[in-house]
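J.:
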Amino acid sequence: MRAPPVRDGLFAEDDSGNPYLIGGRCDECGRLQFPMASTCPACGAATVEEVRLSDRGTLWGWTAVTAPPPGYLGTVPFGFGVVELTDGLRVITRLEEPDPSRLRFGIPMRLTLVELEGEGTDSPVTTYSFAVDDA
Amino acid sequence: MTDVAIAGTGMHPFGRFEGTTVTEMGVTAVRAALADAGDPDFQAAFCATVYSGVAAGHKVLGALGRTGMPIVNVEAGCASGGAALMLAAGAIRAGQYDTVLVFGIEKMPKGIIRSSFFEPWREQAGLAATPAYFALRAQRLMRESGVTKQQLAEVVVKNRTNGLDNPTAMIRKPTTVDEVLASRVVCEPLHLHMLCSPNEGAAAVVLRRSDLAPGAPRIVAAALRSHLPGSVLGEATPLSGVPDDDITPPSTLAARDAYEEAGVTPTDLDLVECQDTDAAREVLAYEELELCAPGDAGRLVADGTTQRDGPLPVNVSGGLLSKGEPLGASALGQVVELADQLRGRAGARQLDGARVGLAHTVGRGANAAVVIVTR
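First to last, the protein sequences are chains X and U. Be aware that the first sequence starts at 17, since it is given in the working numbering, and climbs by one per residue. Be aware that the second sequence starts at -2, since it is given in the working numbering, and climbs by one per residue.
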């Protein structure tokens, strides 16, 4: 049993247990977004369709957070960066690699789900993260 | 069109002031600005603040018995003071008022700034890590413009050296490149000493129709812009974005508006005060304000262009890296610096013959403000 998601509607798993991010595609302009919202952040249209975003991408930016940010439920240090999905969308995400010197621009990345311990609350949560794709 | 003059300025120093309320700091700055302007009546007041709560500006003017006029509190993140100035200058130009008080006040919480901008889940997941967003922007600048970590440290040394001569700055202690690089890594590539401290303070300016303040510095542009959608690393701080090479950042939008409004080009500038929340943010501003060609910002650091004795001094006041950043007051603090430089009363940090100055702030929203002052 996995801990509950940090927020509903961010990610899901398919029948084979493969996780994916839940995005939105604007019916008017085609723009992708994450997380999915009821309106398009590019054109304002209110017709946004739910889509399964690619679980693969390449690393576009990375750092590590060394002091716990306000309200954070996990431990430090943790990786933090931007993955450019094969769909073309750039997503802000936690990264499984907390040592920036071990990462390189453009390396393949793959979505994973991780549990945060719930520091100070005793209620762990599940969130999305990207790991280096060694496959 | 009516010209707008800075008839008077006032400051409460930036720093940490245990036991002093944000209202008291505002009173100090407003009193000083009104006295400097010859204590004119004013018909409106705009108060810039982010964290001071309900009716913060009313409390300051209430303490001085100077109420009855419209008092408007303005929040636009780091650019709040620029937004207040834009509204005040616009009202004078439109003929609505002939004298307007503009002030900014702040008493920031300590530590990493907690912002109601972020939803609770984003905090819980660790995605409200403000310095990490700064770091990603810094990394991109280093990758795309060839800026080095050494150069980021040199910017800190420059601003901290400048800050030694600013009595209203919080940190007045020289530093070295080695010392900056030896401070702990907050978020690679940013070390602790490359980040400004959130703090407390107040700044105020009295704006008047220029015929009522002959000889005073004039505000020739006060531009404010928000972001265009799409940039994942933009100050709008979204969770996703698209390839953005053709998306103009808000600081450039505001700068272009301001240059056009003022009828000046970057080559006309004698000094610039820009948003140095972190050292990379200053260097990025060189490109976004079009002080240099895209990709050329590192050169301005390397060849000393932006040093106090260089051809285009940037952050002669010491910048936020020396002064700290009281959000609502920081933009007006920059404008006070420009006015002091143009009036020849900047003391030990006085530049020779400064005539045209630019002040730039940018932050969450996104909001970017650019103000140009001449004499």
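Every residue gets a Cβ at the ideal spot worked out from N, C-alpha and C, and that includes glycine. All of these numbers come straight from a predicted model, not from anything done at the bench.
Between the segment 213 to 229 of chain U and chain X, which residues of the former have a C-beta closer than 8 Å to a C-beta of the latter?
T.: P226, G227, V229
J.: Measure the alpha-carbon distance for P106(U) versus R278(U) and round it to whole angstroms.
T.: 22 Å
J.: Could you tell me the distance, in whole angstroms, from the CA atom of K146(U) to the CA atom of L61(U)?
T.: 48 Å
J.: Is there contact here, the segment 264 to 271 of chain U with the segment 296 to 314 of chain U, by at least three beta-carbon pairs under 8 Å?
T.: yes
J.: Provide the residue span of the beta strand (DSSP E) that contains H55(U), from first to last.
T.: H55(U) -> not in any beta strand (DSSP E); alpha helix (DSSP H) instead, spanning 53 to 60.
J.: Relative to the alpha-carbon of S70(X), which residue among D115(X), E29(X), E113(X), D24(X) has its alpha-carbon at the smallest distance?
T.: E29(X)
J.: Tell whether a beta-carbon distance below 8 Å holds between S49(U) and E103(U).
T.: One thing to note: S49(U) has its Cβ within 8 Å of the Cβ of E103(U).
J.: Any idea what DSSP makes of Y48(U), helix, strand or coil?
T.: coil
J.: Could you tell me whether any Cβ in chain U is nearer than 8 Å to the Cβ of T75(X)?
T.: Here residue 75(X) is Leu; the residue named in the question, Thr, does not match the sequence. Residue contact with chain U for L75(X): absent (no Cβ-Cβ distance below 8 Å to any residue of chain U).
J.: Using a beta-carbon distance below 8 Å, is T79(X) in contact with chain U?
T.: yes
J.: Compute the Euclidean distance between the alpha carbons of A86(U) and T303(U), then round it to the nearest angstrom.
T.: Pairing A86(U) with T303(U), the inter-Cα distance amounts to about 29 Å.
J.: Buried or exposed: which applies to T63(X), given that a residue is buried once 16 or more other Cβ atoms fall within 10 Å of its Cβ?
T.: Exposed: under 16 other Cβ atoms inside 10 Å.
J.: For D275(U), which residues does DSSP report across the bridge?
T.: D275(U) pairs with L192(U).
J.: With distances taken between CB atoms, is the gap from T79(X) to L133(U) smaller than 8 Å?
T.: yes
J.: How is the beta strand (DSSP E) around P124(X) delimited, first residue to last?
T.: 124 to 132
J.: Quick one: what's G79(U) bridged to in DSSP?
T.: For G79(U), which the question treats as bridged, DSSP gives no partner whatsoever.
J.: Rounded to a whole number of angstroms, what is the C-alpha to C-alpha distance between A2(U) and D349(U)?
T.: Going by C-alpha positions, A2(U) is about 21 Å away from D349(U).
J.: I'd like to know if R118(X) contacts chain U, where contact means its C-beta is closer than 8 Å to some C-beta of that chain.
T.: no
J.: When you compare only the Cα positions, how much space is there between Q40(U) and L98(U)?
T.: 8 Å
J.: Using three-state DSSP, classify G101(U) as helix, strand or coil.
T.: In the three-state reduction of the DSSP assignment, G101(U) falls in the strand class.
J.: Nearest CA to the CA of G33(X): which residue from T128(X), G77(X), L75(X), G90(X)?
T.: T128(X)
J.: Would you say T102(X) and R68(X) are within 8 Å of each other, going by their C-beta atoms?
T.: no
J.: What does the Cβ neighbour count give for F96(X), buried or exposed, with the cut at 16 atoms within 10 Å?
T.: buried
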